[in-house]
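One structure below.
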Amino acid sequence: MNRTTRATLALAALGLALSGCTGSSDEDPKAQATPQDKWAQSLCEALEPTTAAISPPDTEAATTAAESKQEIVQFLRTLRDRLDAQAKVLDEAGAPPEVDAAAYEKAKKSVSDGSRTLQGVIKRLKKADPKNSEQMQTTLTQVGASLAESSSYQGPLAELSATNAELKKAFESNKTCASIMS
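According to mature numbering (1 follows the signal peptide of the UniProt record, and there is no 0), the sequence shown holds residues -24 to -1, 1 to 158 in order.
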């Protein structure tokens, strides 16, 4: 009888353990994702390749003013190309669900405006004659001023987060989105 009792208790314990492993709920955490969670995940996965850190050129290492100018132009092109890619990703993602579409359109416009600003800066810099140090200095000062105006922009995720608490929560709870925003 002692063996029978132990076997019964062992089977009961095994049954409880197995039911505990499967959880008391049939709910899948992914199934509980809100529409904003799903949209944020998709958007951030598409944006991630456009957000890798890049360093400004080391113009001190350039041997000529023309070389330094070219490195700066290339850096600015890289930034512009990334903004263009982000604008495309935002456009393809469409407006987030259950969020004011005007906020989404404003975020898209901000990214596009940043790209246009960089394009203007690139054109201005390319026109500058590297042999004329006064002209180069004036152009670089203007370039710096143009870039300073947009330097406070934190990106489309931050802009969209500021407009909707649920979307902000979706961005903050997604690892990819959180890493982009930091």
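Just so it is clear, CB atoms sit at the ideal spot from N, CA and C, and this is done for glycine as well.
Nearest to valine 65 by C-alpha distance, out of Met157, Ile30, Glu24 and Ala124, is Glu24.
A check of alpha carbon separations from serine 155 across Ile48, Trp15 and Leu133 identifies Leu133 as the nearest. By alpha-carbon distance to glutamate 74, the top candidate from Thr152, Ala16, Ser149 and Met157 is Ala16. In the three-state reduction of the DSSP assignment, threonine 54 falls in the helix class, which pools H, G and I.
When the Cα atoms are used, proline 106 and alanine 38 turn out to be separated by approximately 13 Å.
Residue range 132 to 137 is occupied by the alpha helix (DSSP H) that includes alanine 134. Remark: C-beta atoms of serine 126 and threonine 152 do not approach each other more closely than 8 Å. CA-CA distance, threonine 10 to aspartate 67, rounds to 21 Å.
Membership of tyrosine 80 in the alpha helix (DSSP H) is indicated by the continuous run 77 to 103.
For lysine 144, the uninterrupted alpha helix (DSSP H) segment begins and ends at 141 to 149. Distance from the CA atom of phenylalanine 51 to the CA atom of aspartate 13, rounded to whole angstroms, is 34 Å. Comparing alpha carbon positions, the residue from Thr27, Lys99 and Thr35 closest to arginine 53 is Lys99. Excluding residues up to 5 positions away in sequence, Leu59, Ser126 and Tyr129 lie with their Cβ nearer than 8 Å to the Cβ of glycine 90 in the same chain. Around the Cβ of glutamine 62, a 10 Å sphere holds 16 or more other Cβ atoms; the residue is buried. Remark: C-beta atoms of leucine 123 and valine 87 do not approach each other more closely than 8 Å.
Inter-residue distance for glycine 70 and alanine 28 is about 23 Å (C-alpha atoms, whole angstroms). In this chain, the alpha helix (DSSP H) harbouring alanine 124 covers 109 to 126.
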